[in-house]
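Chains as they are written, first to last, in the numbering used here: chain A, 203 to 529; chain B, 5 to 249. Ideal placement from N, C-alpha and C gives every residue a C-beta, glycine not left out. As the structure is a prediction and not an experimental result, all values here were calculated from the model. Some notes on the structure that comes next.
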Amino acid sequence: MLKDKSAIAVSSLVKRFDDIVAVDDVTFRVRSGELFGFLGPNGAGKTTTINMLTGLACPDSGMIQICDIDCTNRPRAAQHLIGVVPDESNLYPELTGFENLCFCAALYGIGKPQRRDRAGKLLDTFDLSKAANRRFGGYSRGMKRKLTIAAGIIHKPEILFLDEPTTGIDVASARQLRQIIADLNHAGTTIFLTTHYIEEAERLCDRIAFIVSGRIVRIDTVANLIQPIQAKHVALFSFANAVNDIKDRLIDTFPGLDFSLPGPCMIRAEADESIRVGLLVRYLEDQGAEVKEARRIQPSLEDIFVQITGIEADAMRREKEKPGGGR
Amino acid sequence: MRSWIAFWNILLKDMRTYYLKPPNISWGLVFPLAWTGMFFIKSGSGMGSIPTLLPGVVAVSILFGTTSMLSVTVTFEKKQRSFERLLLAPVPLELLMLAKTSGAILFGSANAFVPVAMAAFLIDLSGVAWETFVPAVFLIAVASTFLGLFIAVAVKEVFEAQTFSNFFRFPMIFLCGLFFPIENLPVFLKPFSYVLPLTYGADILHGAVHGHYAMPFTLSFSLLGIFCIGLFMLSLHNIKKRWII
Numbered sequence: 203m204l205k206d207k208s209a210i211a212v213s214s215l216v217k218r219f220d221d222i223v224a225v226d227d228v229t230f231r232v233r234s235g236e237l238f239g240f241l242g243p244n245g246a247g248k249t250t251t252i253n254m255l256t257g258l259a260c261p262d263s264g265m266i267q268i269c270d271i272d273c274t275n276r277p278r279a280a281q282h283l284i285g286v287v288p289d290e291s292n293l294y295p296e297l298t299g300f301e302n303l304c305f306c307a308a309l310y311g312i313g314k315p316q317r318r319d320r321a322g323k324l325l326d327t328f329d330l331s332k333a334a335n336r337r338f339g340g341y342s343r344g345m346k347r348k349l350t351i352a353a354g355i356i357h358k359p360e361i362l363f364l365d366e367p368t369t370g371i372d373v374a375s376a377r378q379l380r381q382i383i384a385d386l387n388h389a390g391t392t393i394f395l396t397t398h399y400i401e402e403a404e405r406l407c408d409r410i411a412f413i414v415s416g417r418i419v420r421i422d423t424v425a426n427l428i429q430p431i432q433a434k435h436v437a438l439f440s441f442a443n444a445v446n447d448i449k450d451r452l453i454d455t456f457p458g459l460d461f462s463l464p465g466p467c468m469i470r471a472e473a474d475e476s477i478r479v480g481l482l483v484r485y486l487e488d489q490g491a492e493v494k495e496a497r498r499i500q501p502s503l504e505d506i507f508v509q510i511t512g513i514e515a516d517a518m519r520r521e522k523e524k525p526g527g528g529r
Numbered sequence: 005m006r007s008w009i010a011f012w013n014i015l016l017k018d019m020r021t022y023y024l025k026p027p028n029i030s031w032g033l034v035f036p037l038a039w040t041g042m043f044f045i046k047s048g049s050g051m052g053s054i055p056t057l058l059p060g061v062v063a064v065s066i067l068f069g070t071t072s073m074l075s076v077t078v079t080f081e082k083k084q085r086s087f088e089r090l091l092l093a094p095v096p097l098e099l100l101m102l103a104k105t106s107g108a109i110l111f112g113s114a115n116a117f118v119p120v121a122m123a124a125f126l127i128d129l130s131g132v133a134w135e136t137f138v139p140a141v142f143l144i145a146v147a148s149t150f151l152g153l154f155i156a157v158a159v160k161e162v163f164e165a166q167t168f169s170n171f172f173r174f175p176m177i178f179l180c181g182l183f184f185p186i187e188n189l190p191v192f193l194k195p196f197s198y199v200l201p202l203t204y205g206a207d208i209l210h211g212a213v214h215g216h217y218a219m220p221f222t223l224s225f226s227l228l229g230i231f232c233i234g235l236f237m238l239s240l241h242n243i244k245k246r247w248i249i
C-alpha cells in the first residue's frame with residue numbers, strides 16, 4: 203500500500219570526486235511504505251547516492267530530506283530513522299551472531315533486555331538460531347548477509363537502505379532474503395533497494411529508477427515501465443557458432459522484424475505481431491548458422507533496461523560479480 | 005536517544021575484542037617491563053636511578069601503548085568497513101570518537117602502572133605526589149590516544165599506521181625530556197620539544213616523582229589539556245573531511 207507522504211525527497215543532488223561527477227543532478231522521491239529500486243551498472247552512482255542519503259557522504263549541492271528532516275547540511279540528522287545494509291557484510295568477525303546484533307541494537311540506545319529479546323527473535327526469523335553463538339567470522343556468505351540485514355533492522359527503522367542484498371549468495375538464501383525484504387515492506391518499512399538483478403527489482407519493487415553515469419534516466423512503476431513492450435512479441439535464438447554477420451541479411455529478408463545481438467552467439471527478434479519461429483530457424487540454418495535453441499520469450503523489465511540504458515543486463519551482472527565489482 | 009548505552013557498549017566491545025585479549029595484555033605488560041629493564045640496567049647506577057628513570061619509562065609506556073593500539077584498531081575497522089557501522093549510529097560524532105578512544109586511554113593508563121608496580125618493589129615510592137602523578141598519567145594517555153586517532157585518520161593501511169606512529173613516537177623519546185633534561189638538547193632542537201605534548205606530561209611526572217619541575221605544573225597541565233582538545237578537534241575535523249566525504 204503506497205502512502206503519499208515522502209520518506210525520502212532528493213532534489214538536484216550532485217556529488218563530485220575531483221573531476222568525476224559521480225552523481226549528477228539527481229532528483230527523486232520515495233513515498234512512505236514504498237519499495238523503491240535503484241538500478242544501474244557499476245560506477246553509476248548508486249552507492250554514492252546511498253552514502254549521501256545515509257550520512258556517510260555530503261552532497262556538493264542539492265537537497266536531501268529524510269522523513270521531513272533536512273539532511274542536506276546535517277547528513278547525520280536522520281540516522282535514528284534509518285537502517286543500512288551495505289553491499290558487503292561489515293559486522294565484527296570476532297563477535298558471535300547474537301553479540302553482533304546486541305551491539306548494533308546498543309548503538310541505537312536500546313536497553314539490554316530489549317536488545318537481547320530482539321536479537322533472539324531476529325535470529326529465529328533469519329533461521330540463524332543454531333549459529334547464534336558462533337563467531338560471525340566463521341559464517342557462510344549467505345549467513346553473513348542474513349545477519350547483516352538483521353543488524354540493519356534491529357532498531358526497527360522507518361527506512362531501510364539495502365545495497366545489493368543478494369549479490370554473491372546461494373539461490374536458497376537469496377530467495378529467503380527476498381521474502382524477508384517483501385515481508386518487511388508489507389509490515390510498513392520503506393525500502394530503498396539497489397540491485398543489479400533486474401528480475402529481483404521487477405519482482406520486489408513498486409517503483410524503479412534507472413541510473414546511468416550519475417544521472418537518473420527513468421523512474422516509474424514496474425507496470426508502467428513494462429507497459430510499452432508488453433504487447434511486443436520476442437523470440438530468442440542461440441547458436442553454436444558466432445552469427446554477427448547474419449544480422450544485416452535478416453533485416454533485409456524480414457523487414458517487419460527488429461533484430462539485435464545480445465551476444466556473439468545470440469539473436470533476438472522483436473515484432474508487433476506473432477513471430478514465426480520455425481521460418482526463422484530454417485532461414486538461419488540455410489545461412490549456415492547452427493541453431494541450438496529457439497524460443498519465444500515474454501518481454502521483461504530487462505528489455506526496458508537495455509532499451510533505456512543501452513547496457514546489456516548480463517554484462518552488468520558479470521561485472522558486478524567479479525571480485526571487487528561494484529565498490 | 006540514550007547515547008550513553010552506545011558509548012558504554014562501544015567501550016565494552018573494544019575492551020573485549022582488543023584490549024583484554026591475551027596477546028595485548030602480555031604486550032601491555034612486556035613492553036613497559038622491557039623499557040624498565042633496559043633503562044635500569046643501562047643506567048648502571050643502581051636503585052638510585054629509578055626515580056629519575058621512572059617518569060620517562062611511564063611516559064614511553066603510555067605513548068607506545070595508546071598510539072599503537074588505537075591507530076591499528078581504528079585503521080583495521082575502517083579497512084574492514086565495520087567503522088561505517090559506528091558512523092551510521094545516531095550518536096554525536098564527538099561522543100562516538102570518545103567512546104572509541106576510551107578503551108585505549110584506559111589501556112595506556114594501565115600500562116603506565118606496570119613500571120610503577122616494578123619500581124614499588126625496589127624502592128620506596130611514598131614520596132611521590134600521586135595527586136599530580138595520576139592525573140598526569142591520565143592526561144598523557146588522553147593526548148597520546150588522540151595522537152593515535154589523528155594518525156589513524158591520516159592513513160589507510162594498518163602497516164601505515166605503525167610507520168606513521170613511529171614518525172612521531174621516536175623523536176618524542178629524545179625531544180620531550182623523558183630521560184634527560186630539555187636544557188641538554190642543542191638549541192635548534194629545543195623549539196621542537198615545546199610543540200610536543202609529551203614534554204609537558206613528562207615534566208609533571210618528573211616533578212611528581214622527584215620534586216623538580218622545569219615549568220610550573222599548572223602551566224604544564226593546561227598545555228597538556230590544550231593539546232588533548234586540539235588533537236581531538238583536529239581528528240574530528242579530519243574524520244568529517246576524509247570519512248564523511
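Residue i versus residue j - alpha carbon distance
| i | j | result |
| --- | --- | --- |
| Val191 (chain B) | Ile144 (chain B) | 25 Å |
| Leu74 (chain B) | Ile109 (chain B) | 9 Å |
| Pro430 (chain A) | Leu459 (chain A) | 17 Å |
| Arg6 (chain B) | Leu283 (chain A) | 15 Å |
| Gln381 (chain A) | Ile410 (chain A) | 18 Å |
| Phe111 (chain B) | Trp39 (chain B) | 17 Å |
| Met265 (chain A) | Ala279 (chain A) | 13 Å |
| Gly52 (chain B) | Leu129 (chain B) | 12 Å |
| Thr298 (chain A) | Ser331 (chain A) | 11 Å |
| Asn242 (chain B) | Ala374 (chain A) | 43 Å |
| Glu81 (chain B) | Asn292 (chain A) | 9 Å |
| Asp226 (chain A) | Ser234 (chain A) | 25 Å |
| Tyr485 (chain A) | Leu452 (chain A) | 9 Å |
| Leu99 (chain B) | Arg20 (chain B) | 20 Å |
| Val212 (chain A) | Ser263 (chain A) | 11 Å |
| Thr229 (chain A) | Thr391 (chain A) | 22 Å |
| Pro94 (chain B) | Met219 (chain B) | 43 Å |
| Leu189 (chain B) | Leu15 (chain B) | 40 Å |
| Ile428 (chain A) | Asp220 (chain A) | 37 Å |
CA nearest to the CA of residue i, picked from the options
| i | options | result |
| --- | --- | --- |
| Ala165 (chain B) | B:Leu153, B:Val64, B:Leu99, B:Ala123 | B:Leu153 |
| Thr256 (chain A) | A:Gly390, A:Thr274, A:Pro243 | A:Thr274 |
| Arg412 (chain A) | A:His398, A:Arg405, A:Thr298 | Note that residue 412 (chain A) is Phe in the sequence shown here, rather than Arg. Closest by alpha carbon: A:His398. |
| Val76 (chain B) | B:Ala123, B:Val159, B:Phe142 | B:Val159 |
| Pro139 (chain B) | B:Leu57, B:Ile14, B:Ala206, B:Tyr22 | B:Ala206 |
| Ile155 (chain B) | B:Leu24, B:Pro119, B:Phe171, B:Ala38 | B:Phe171 |
| Arg173 (chain B) | B:Trp8, B:Leu200, B:Val157, B:Pro220 | B:Leu200 |
| Leu215 (chain A) | A:Gly235, A:Gly242, A:Asp206, A:Gly247 | A:Gly247 |
| Leu349 (chain A) | A:Gly313, A:Thr391, A:Ala384, A:Phe305 | A:Phe305 |
| Glu402 (chain A) | A:Thr392, A:Leu379, A:Gly390 | A:Leu379 |
| Arg2 (chain B) | A:Lys323, A:Ser234, A:Ile351 | Outside the shown range of chain B, which is 5 to 249, sits residue 2 (chain B), and nothing can be said about it. |
| Ile29 (chain B) | B:Leu240, B:Ala124, B:Ala114 | B:Ala114 |
| Lys361 (chain A) | A:Ile268, A:Leu463, A:Gly512, A:Asp262 | Position check: residue 361 (chain A) holds Ile in this sequence, whereas Lys was assumed. It is A:Ile268 whose Cα lies nearest to the Cα of Ile361 (chain A). |
Helix, strand or coil at residue i [DSSP, three-state]
| i | result |
| --- | --- |
| Ile173 (chain A) | Beyond the ends of chain A as shown, which are 203 and 529, falls residue 173 (chain A); an answer cannot be given. |
| Val159 (chain B) | coil |
| Phe230 (chain A) | strand |
| Pro190 (chain B) | coil |
| Gln267 (chain A) | strand |
| Tyr23 (chain B) | helix |
| Thr105 (chain B) | helix |
| Ile393 (chain A) | strand |
| Gly131 (chain B) | coil |
| Phe183 (chain B) | coil |
| Met237 (chain B) | helix |
| Asp422 (chain A) | strand |
| Lys494 (chain A) | strand |
| Ile356 (chain A) | coil |
| Thr256 (chain A) | helix |
| Arg276 (chain A) | coil |
| Val286 (chain A) | strand |
| Ala140 (chain B) | helix |
field: At least three beta-carbon pairs within less than 8 Å, the stretch 179 to 196 of chain B to the stretch 222 to 232 of chain B
entry: Taking 8 Å as the limit for Cβ pairs, the verdict is that the stretch 222 to 232 of chain B does not touch the stretch 179 to 196 of chain B.
field: Cβ-based contacts, 8 Å cut-off: residues of the stretch 92 to 118 of chain B near chain A
entry: Leu92, Ala93, Pro94, Val95, Leu97
query: Do the stretch 236 to 250 of chain A and the stretch 413 to 421 of chain A touch if we need at least three Cβ pairs shorter than 8 Å?
result: Yes, the stretch 236 to 250 of chain A is in contact with the stretch 413 to 421 of chain A.
Touching by the beta-carbon criterion (3+ pairs, under 8 Å), the stretch 30 to 39 of chain B and the stretch 61 to 71 of chain B: yes
query: Hey, is the stretch 485 to 504 of chain A in contact with the stretch 426 to 442 of chain A, meaning 3+ C-beta pairs nearer than 8 Å?
result: yes
task: Compile a chain-ordered list of the residues in the stretch 16 to 34 of chain B whose CB is closer than 7 Å to at least one CB of chain A.
output: For the stretch 16 to 34 of chain B, the beta-carbon criterion of a distance under 7 Å to any beta-carbon of chain A is satisfied by Lys17, Thr21.
field: Residues of the stretch 403 to 416 of chain A whose Cβ lies closer than 7 Å to any Cβ of chain B, in chain order
entry: Against chain B - using a Cβ distance shorter than 7 Å - the stretch 403 to 416 of chain A contributes no residues.
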